[in-house]
Amino acid sequence: MRRSLIRTALFLALAGIPAATLTSTALAQKEGEQMRVLPQAELDVVKVLLAQERAWNEGNMEGFTASYKNSPDTLFIGSTVTRGFEGMVATYRRNYPDRATMGRLTFSDLEPHLLDDHFATLTGHFALERDKKHGGNAGGVFSLVLEKTPGGWKIILDHTTS
C-alpha cells in the first residue's frame, strides 16, 4: 500500500501539485502508525529508486546503474564489499547477464531520511521475481546513502542483504 501511495505522491509532484496538498493519511507506513506526507526533497530521493526499478524491469542495466555515483569511492556491500563504480557495474553484469536472469524487480517500504542538504539515507525491501532456472525468486532489505550531486541524487553506499 505504501508503495502505491508513494507512486501517487510522485505523480502529483511530477504534475506540479505540491506534496503538502496530500492528506496526512496519504503515506502510511504500517497500519496504526502515524501517517505523513513526504516533502519534495524526500520524494526526489524516492524517485531514484523508482527510476532504478523501471530501468531494471526494462532490462536496462546502464539505466539502473546510472543511479549510482560514478566514483571510485562508491561502495556496494552484499555478500562481499565492492569498491568503486566500475567494479560494482562489472559485478551486476556478471550476476545478471541477461534479461531472464534480471527478472522483475520491485521495491517496497521505502523510507527516505534527509541528513542535510547534500546527503540522505533510504531503506526498504526488494523483491526479485524470476523463474527457477534463472535463479528463482529473491528478496531482502537494503540501506542506501545518497549524495546530492549536480546530476541529482546518486547512491554512494548500497548495503543490500537477501
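Per mature numbering (1 follows the signal peptide of the UniProt record, and there is no 0), the sequence shown runs over residues -28 to -1, 1 to 134.
We put the beta carbon where it would ideally sit given N, CA and C, even for glycine.
| Item | Value |
| --- | --- |
| Identity of the residue in Pro84, Asn67 and Met33 nearest Gln12 by Cα | Pro84 |
| Where Val9 sits in the DSSP three-state scheme | coil |
| Among Leu21, Asn32 and Val9, nearest to Lys126 - alpha-carbon criterion | Leu21 |
| Pair within 8 Å by beta-carbon distance, His106 and Ser80 | no |
| Residue burial classification, Asp103 (beta-carbon count within 10 angstroms, cutoff 16) | exposed |
| For Lys41, three-class secondary structure by DSSP | coil |
| Segment limits, alpha helix (DSSP H) that includes Glu58 | Phe57 to Asn67 |
| CA nearest to the CA of Ser115, picked from Gly124, Met74 and Leu82 | Leu82 |
| Beta-carbon spacing of Leu118, Asn109 below 8 Å | no |
| Close-in-space but distant-in-sequence residues of the same chain around Val17 (CB under 8 Å, 5 per side omitted) | Pro84, Leu86, Ala92, Leu94, Leu118 and Trp125 |
| Cα-Cα separation between Arg76 and Asp70, rounded to whole angstroms | 12 Å |
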